[in-house]
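Data first, discussion second: the structure below is written as structure tokens.
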Amino acid sequence: MESKYEEHMTRSGEVKATGYYSMSGGAQSEWFGKGAEAQGLAGAVTAEDMVRALSGQVRHTGEDISTRGGQAAETRRMGEELTIAAPKSVSIMSVEDPRIVQAHQNAVRAAMRYVEQEMVHARIGKGGGKGNDFSESLTAGLYTHEDARDSSTGQVAPHLHTHAIISNMTQRADGKWVGMKLDWGHNNEKKMTADTVYKAELARQVKALGYQIEKGKGANFEIAGISREQIEYFSPRSQDIKNEIGGERGEVSAKERQAAQNKTKGNKSTLNQIDQLYAWRHEFREQNMDLHAIHDAAVMREATGIPVAQITAEDALKSAIRHLSERDSVFSEQSLKAEALSAGLGDVSPEAIDGAIKSRAGGLVYAGKAEGLHDRQFTTKSALYREAEILHRAKDGQGKSEAVVPEQSVVLEVSISTAEKEYQNGTTDQPDESARDASHIEDFTDITAHGLQELRSERLAGNGQRQNSDLLPGAESAGERPLESLRLESAQAAGNPRVAQIIAEREQKQGFTFGGGQRAAIELALTSTDRYMGIVGYAGAGKTTSMAVIADEYKKAGYEVIGVAPTTKAASELTSAGCDDVRTLASVNLQKIDPDKAGQPKLYIMDEAGMVSAKDLDAFLKKADAEGARILFVGDPRQLHAVEAGTPLAQMLEKGVIKFATIDEIQRQKDPKLREIARSFAKGDAVRGVELAKTYMREVTVPKGEDKSVALANAAAGEYLSLTPDARQQTLVLAATNATRQAINGKVREGLRAEGSIGVSEVTVTALDKLDLTRESATRAEHYVSKGKDNSLVLVQFNADVKDKETGEVSAAKDSQWSVTSTGGGKLTLRALDDPKKQIIVDPAKARMSAYTSRDMLLSVGDQIVFRQNDTERGIINGTQGRVVGVDEKTGKAIILTATGQQVAIDPRRREVIDYSYARTVHSSQGATVEQVIVVGEAAKVATAESAYVACSREKNGLTVITDNIEKLCKAWGKFADKQSALDASKMQAPESLDELQTARWAASRDLGREGDLAEKRALEVEPGQEREGEPEPEHAAYQFSSEPEAEMQLGE
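To convert, count from 1 in the sequence shown and add 40; that's this note's numbering.
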């Protein structure tokens, strides 16, 4: 073998000697995989066999696959390298306990089995044109090391890790040896699941050795008894990488992390194994670490019998299902497996979770192929039956009410329209017949498309003859045409004479005419005998004006009209629609039925119905049915959906269970070009919308080494600051994520301070950001840790009094704020913010509270802020804007003048859920109207056609889109999110009758269990003394599963 095979080069440019992975290099090694077994490769890895495998030579047949497909032996990809490393506390304890090294190796084998079964594949045909063969054949050499490279300080720390060198060869199902590929999964899901498999199996093995573990985020954990400070001390390489990056690892891309790792790599230890162990033990003593005590306690616990785990694989899987199904009706098997292993950390094995999935525990239902090359997806019986009941109730409401304006045979005396006169005089062509009827009222008798994105555009915009439904002759908006020219046409467009008269009278009173879609919406609401109706209103199409007429007529008919919306801000907008009362959907669902109003008919007008989840709409329909109430759903299913699972409005429209009218005359945009962008997205033609929006896009060059989010924030802030102060007040800066929003806010504020637009004096307050928890994850203590990059403090605020069980005394008052000091033992140890000496321990599965992370926020006179949470005592609603009008540096207080004229004091002793309001997220901007918009477009997972539609339809006159990559952004914005329904994905038939559905739902719900079941079981196995006030939860476990494609190996000189 030529000497050039003795070393190889990674794509990142690092040259590695093959000897580094050999026994002479100090590494324990072994062959792994069915491919290695087929070649007779077993036991320790020799350099000769590894070189042969990397060079593409099949050992037992002698065939050389290195030049297949026209490749040159010198340039072909030799393989992949995965680095699997233990948490730092595990590495430290391995110095004292060699059993831990064996546990690590067992966990590595579990992870590599997953890689072999789920990730290894071969392409069939050129470029995989004929598919992919996942034949589970892997040839890999595993090399285990116990030390890290030295750091900038010369320190060599314990670092238990394994290098998996995977040869670029696999044996297909037909027996042929070919090149190998690794499937990282959709959005790297498989890579992350492989990481979770390793950590979950390691936690189980370490726990079986008698050690107690402290759970962190996800599947991260550390061995109990080793403090965070001690972990940091023995992580010098991690600190070197942070220094090279200039921040946390999560702030940069995988490629930049890999480059930083390569650049900061030192040398391996020059000490022999015995001397290195002695040196480490000396350091342990210097750090006052009694590892012998931790080890002896573990041995004693193992000898006396470790308590039998209460958590089973089914328990863990059901917890994972409850967590995932809260946000998505359909989820991938990989995300399910990873979440289940994290939920059962330390107690369940990957094989047991696989078995629970195969047995369909928790009511799992197979839902077809997931995104990616080779993945499956699931839904649940609970989600499926809930969707079916929503559709059943909506359909069952057809013909169950009396029309507010019944059908009449009286013909309104209207001779002919202005357009018909012109036609008879020979001055115009024959008028459009579509203007004669309520063509915007939809009928779904022949809908067969999958998803609202594929509905024929003419069915959402009017009938097939109406090609330009929102622009009438002369390219004028219907709302802008003279009153006289449309009054008679308004009467004719309504089939019901009384409705025509109502419309004509309202037009005369308000001084402008309704568009065709508005007239159709009014007629549908007033003449329908269905209990449930819908209005699909394009962004900026004037839905509120139509709702005002509908509300007025229903009130005249004796109805109580209640406006409902998913948020307080959206509900407040309904006051202009003339509702008797406006409420949030949550408050309506919680409100008991008033027996005093049992006989009064009721109409709910639900605005922003497209943002309502299946869970909330299910409860709302049940309440409406019990009250005998009617509902008018108003929304746009192509705008942003609910955060929680389901798109029930879109589903009801697709299935044809409610009739609806479309208001498609967009009036917000004054510039026809901008209006056409909004119209294209509204009609489902995202590709055309993106193409039209390109004119308004500006690409920012990201300097080498700079984070792209920083460059985008600088550009957006510069664009905003270039405006006049008056123009800024009518400009929205929109970002896809809160992280980008906060970065823009920071840059804008720097600019405002530099130009003197905000005061010099400032005070520091503590701002809170809500911790993103599902109802299931909120019941588990390990989730009450910061998910940010700054390891910020987690706080909780109680939503109800907490009383002592024995005395009945209040131990924590409603609205009191507490810091989380420990998450050990499945409980939260809390310290009162207003009295640091006061501590309590609470069970998160039983306490009613909200959780937040905290950060310092500077306020000066002139700063613009937004309140991000409802505060009923002070009369503040989520989304209220304000301006700082006073600060007192002595007391630390700030005075905010809200947009409604209210003055609010910010006290530094109390943490507030506030932020700067210079930039907002796209999601929070839905429903807003401003003069111009500056959009920061990031081609990331959150970039979809829905977000593009909302972002590009807020403005009246000006649009600027700033991005780092126009091509990638256009690709992301050109696709609507595929938020699948359980019914469509599973293709499963639900029971037909309501009684059968409810029985099936009850059984499915009982099978899945309720939020907190896992936490309650976990509490049963807590050992005495385990609940201790210990160190703060680790920011992250000191591990690395480095499998970026940049680590692919190549031959090189």
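In this text, a Cβ means the ideal position worked out from N, Cα and C, and glycines have one as well.
| Asked | Found |
| --- | --- |
| Extent of the continuous alpha helix (DSSP H) to which leucine 868 belongs | It is not in any alpha helix (DSSP H) - leucine 868 instead sits in the beta strand (DSSP E) that spans 868-872. |
| Supposed contact pair proline 712 and leucine 693 - C-beta distance, whole angstroms, cut 8 Å | About 28 Å; that fails the 8 Å criterion. |
| First through last residue of the alpha helix (DSSP H) which encompasses proline 390 | 390-398 |
| Alanine 434: first and last residue of the uninterrupted alpha helix (DSSP H) it sits in | 421-436 |
| Lysine 421 versus Leu1037, Leu1054 and Glu262, residue with shortest Cα-Cα distance | Leu1037 |
| Straight-line Cα distance separating asparagine 839 from glutamate 952 | 15 Å |
| Nearest-angstrom Cβ-Cβ length linking isoleucine 974 and isoleucine 954, presumed shorter than 8 Å | No, isoleucine 974 and isoleucine 954 are not in contact; Cβ-Cβ is about 22 Å, not under 8 Å. |
| Chain-order list of residues whose beta-carbon lies under 6 Å from that of threonine 863 (same chain, five-residue window excluded) | Ala821, Glu822, Tyr824 and Glu1073 |
| Three-state secondary structure assigned by DSSP to histidine 199 | strand |
| Alanine 380 and glutamine 245 closer than 9 Å at C-beta | no |
| Isoleucine 880 beta carbon less than 9 Å from that of leucine 873 | no |
| Uninterrupted alpha helix (DSSP H) stretches inside the segment 121-147 (no shorter than 4 residues) | 128-134 |
| Separation of asparagine 778 from valine 982, as counted between CA atoms | 11 Å |
| Spatial distance of isoleucine 430 from valine 628 (CA atoms) | 17 Å |
| Nonlocal neighbours in the same chain, by C-beta distance under 7 Å from serine 449, ignoring five residues either side | Its pLDDT being 47, under 50, serine 449 is placed unreliably in this model, and the value from its coordinates should be taken loosely. No residues qualify anywhere along the chain. |
| Beta-carbon spacing of threonine 567, glycine 535 below 9 Å | yes |
| Distance CB(isoleucine 784)-CB(aspartate 903) smaller than 9 Å | no |
| Complete beta strand (DSSP E) runs within the segment 929-1014 (minimum length 3 residues, chain order) | 933-938, 943-946, 954-956, 959-961, 970-977 and 995-1003 |
| The segment 1034-1054 / the segment 359-377 touching (three or more Cβ pairs under 8 Å) | yes |
| C-beta atoms of leucine 898 and serine 859 nearer than 9 Å | no |
| Of the listed residues Leu752, Ala243, Glu272 and Glu269, nearest to glycine 258 (C-alpha basis) | Ala243 |
| N-terminal and C-terminal residue of the alpha helix (DSSP H) that lysine 1103 is part of | Residue 1103 is absent from the model: the chain starts at 41 and stops at 1093. |
| Nearest candidate by alpha-carbon position, reference valine 674, set Gly650, Leu317 and Ser987 | Gly650 |
| Proximity of alanine 617 and aspartate 647 at Cβ, strictly below 9 Å | yes |
| Cα-Cα separation between glutamate 994 and lysine 583, rounded to whole angstroms | A quick correction: the sequence has arginine, not glutamate, at residue 994. Answer to the nearest angstrom: the Cα atoms are 15 Å apart. |
| For threonine 804, the three-state DSSP class (helix, strand or coil) | strand |
| 6 Å Cβ shell around tyrosine 578 - same chain, five flanking residues per side excluded | Asp704, Ile706 and Ala722 |
| Alpha-carbon to alpha-carbon, glycine 75 and lysine 216 | 11 Å |
| Cβ-Cβ separation, glycine 96 to serine 106 (assumed contact under 8 Å), whole Å | 3 Å |
| Leucine 317 versus proline 198: straight-line alpha-carbon distance, rounded | 9 Å |
| Beta-carbon spacing of glycine 916, glutamine 942 below 9 Å | It is worth fixing the name first, because residue 916 is isoleucine in this sequence and not glycine. In contact: isoleucine 916 and glutamine 942 (Cβ atoms closer than 9 Å). |
| Isoleucine 917, DSSP secondary structure in three states | coil |
| Contact with chain B by isoleucine 271, beta-carbon distance below 9 Å | Absent from the structure: chain B. Only one protein chain is present. |
| Candidates Ile602, Lys221 and Phe274, of which the one nearest tryptophan 320 by Cα | Phe274 |
| 8 Å contact criterion, which alanine 591 and cysteine 992 should meet: CB distance rounded | Not confirmed; about 30 Å, so no contact. |
| Tyrosine 572 beta carbon less than 9 Å from that of valine 697 | yes |
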